[in-house]
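All letters in the sequence shown, in the order written, are residues 1 to 204 by UniProt numbering.
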Amino acid sequence: MMNTLIKVMTSRFKSEALWPNSAGAAALSSFLEYITKWECAAGGVGFISETTAVGFRVTLSSVLSLLEYVTKELRYKYLMTANFSQDPVENLFGIVRQSSGCNDHPTPEQFLITVNCLSFYSLARPVTGSSVEPVVLTALLDTGDACPEATSLQETIDKLIAQGDLDSQRDTVSQEQAIPVDRNSLVQKKSFSRLVYHMGGYVA
């Protein structure tokens, strides 16, 4: 039974992949039933630890659910399981814990703030072996003026402040920026409020 389970959970080829209603899928379901029966029969003696049992149930149930999803919703024919791993998730949690300094158990608020901060890190990192040069991607984050020939935004803002009516002049500001519509997503930047508060508190 264990040999079959290991084979099913480490498939790397189409011939060994997990197919809907296949013997491999049936083996996973059978192992889940076996764990339940074993736990009931053992009565707390001679059974694996609760953590291990939960890990088996979560992992195998997730694989079966994912198999059903990719075959029915995404029209996949089969599923190879060799690359299933929780290491990336554990790596993220490790980074979050280290970001909290000596506090290895961050609160939910600290966790969310750290994850939001990490989302701003290496926004334009090229994929290893890709045909895109790093300078092309980092150029998208350049804070320089995208349209040097356009009217200075500072001059426009000064003029509107002198008039004392900013609300009615918002359209004028947008026109003065003179940014092509197809490039708006490349030059407009927004900062998450929690990140601003976090960085402001750190600097203070």
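Backbone N, C-alpha and C define an ideal beta-carbon position, used for all residues, glycine too.
Cβ-based burial, residue i [other Cβ within 10 Å; buried from 16]
{"i": "residue 89", "result": "exposed"}
{"i": "residue 15", "result": "exposed"}
{"i": "residue 95", "result": "exposed"}
{"i": "residue 114", "result": "buried"}
{"i": "residue 112", "result": "exposed"}
{"i": "residue 74", "result": "exposed"}
{"i": "residue 61", "result": "exposed"}
{"i": "residue 67", "result": "buried"}
{"i": "residue 58", "result": "exposed"}
{"i": "residue 11", "result": "buried"}
{"i": "residue 63", "result": "buried"}
{"i": "residue 8", "result": "buried"}
First and last residue of the uninterrupted alpha helix (DSSP H) at residue i
{"i": "residue 36", "result": "23 to 42"}
{"i": "residue 88", "result": "87 to 99"}
{"i": "residue 49", "result": "Here residue 49 belongs to no alpha helix (DSSP H), and DSSP marks it neither H nor E."}
Where residue i sits in the DSSP three-state scheme
{"i": "residue 150", "result": "Model confidence at residue 150 stands at a pLDDT of 49, short of 50, so the residue's coordinates are unreliable; what they give is reported in the following sentence. Looking at residue 150 - three-state DSSP - the assignment turns out to be coil, as it is neither helix nor strand."}
{"i": "residue 118", "result": "helix"}
{"i": "residue 18", "result": "strand"}
{"i": "residue 79", "result": "strand"}
{"i": "residue 1", "result": "coil"}
{"i": "residue 84", "result": "coil"}
{"i": "residue 106", "result": "coil"}
{"i": "residue 71", "result": "helix"}
{"i": "residue 57", "result": "helix"}
{"i": "residue 65", "result": "helix"}
{"i": "residue 13", "result": "coil"}
{"i": "residue 8", "result": "helix"}
Contact with chain B by residue i, beta-carbon distance below 8 Å
{"i": "residue 19", "result": "Given the protein chain composition of this structure (a single chain), no chain B is represented."}
**OP:** Answer yes if the region 74 to 88 comes into contact with the region 41 to 55, meaning at least three C-beta pairs across the two stretches below 8 Å, and no otherwise.
**Re:** no
Original post:
Quick check: the region 94 to 113 against the region 10 to 30, are there 3 or more CB pairs under 8 Å?
Top reply: no
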